[in-house]
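J.: The following block contains the structure, expressed as structure tokens.
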Amino acid sequence: MSYCFITQHRPILCISQLQEENAELRLRLGNRQDEEEVAQQAIRDRDEAIAKKNLMEAELVRSKKDMMCLNNQLLEAIQRKLELSQELEAWQDDIQTIINQQLRTQQQSEQVQRKPASNSMSFWRRPSIASSTRPHRPSSSPASWTSETGQEKPQSPWRDWLRPGKVAQSGK
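Residues 1 to 172 (UniProt numbering) are what the sequence shown spells out, left to right.
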């Protein structure tokens, strides 16, 4: 059974029509509430995504600053290593120079110590060919002390002093 009513906007409405309209309006209202909830959830999701994006951008900026700071520290460390390397190389050169000077000084002092000993004995030895200024003679016999012309010449004055008999004999 269907009852009809007269309303201002609609002249005659039946109860069944009103119930259908009521159900339809409730459905629309429910859909609107669902849509509103969906829209509100979408707005919340969007706001959260924007907040996350802003946080990530801030983190990215911090990371870039940290990376630039670390790069600067690395460059400073490399520069310091280069300076230390050059300093070490200069130090090694200085040490090598000092060692070479000490070796030269030691060799010179050893030569000076050897020289007086060899000079004191050289009085009894024949002078070496390298230190002699006269031409090399093939033999060291007394016959080789004479020149090709047959004149007797002593090699050095000390030999004359050591051999007074020979000089005296040759002078007779």
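Quick reminder that beta carbons are idealized off the backbone N, C-alpha and C, glycines included.
Only a predicted model underlies this, so the values are computations on that prediction, with no experimental measurement involved.
Distance, Cα to Cα, Leu82 vs Gln73?
T.: Here the question's residue 82 lines up with position 82 in the sequence shown. Here the question's residue 73 lines up with position 73 in the sequence shown. The alpha-carbon atoms of Leu82 and Gln73 are separated by roughly 14 Å.
J.: Look up Cys69 in the DSSP assignment and say whether it is helix, strand or coil.
T.: If you number the sequence shown from 1, residue 69 lands on position 69. The answer is helix: DSSP assigns Cys69 an H, G or I state.
J.: State the DSSP-derived secondary structure class of Ile15, mapped to helix, strand or coil.
T.: Residue numbering aside, residue 15 sits at position 15 when the sequence shown is read from its first letter. Ile15: helix per DSSP, three-state reduction.
J.: Quick check: the Cα distance between Gln40 and Asp34, rounded to an integer number of angstroms?
T.: Counting from 1 along the sequence shown, the entry for residue 40 is found at position 40. Counting from 1 along the sequence shown, the entry for residue 34 is found at position 34. So the two alpha carbons sit approximately 10 Å from each other.
J.: How many angstroms separate the CA atom of Glu20 from the CA atom of Leu29?
T.: As a position in the sequence shown, residue 20 is number 20, starting the count at 1. As a position in the sequence shown, residue 29 is number 29, starting the count at 1. Using only the alpha carbons, I get a separation of about 14 Å.
J.: In whole angstroms, give me the CA-to-CA distance for Arg114 and Asp93.
T.: The residue labelled residue 114 in the question sits at position 114 within the sequence shown. The residue labelled residue 93 in the question sits at position 93 within the sequence shown. So the two alpha carbons sit approximately 31 Å from each other.
J.: Please go through the same chain and pick out, in chain order, the residues whose beta-carbon is closer than 6 Å to the beta-carbon of Leu84, but skip the five residues on each side of it.
T.: Counted from its first residue, the sequence shown places residue 84 at position 84. Excluding residues within five positions, none has a Cβ falling inside 6 Å.
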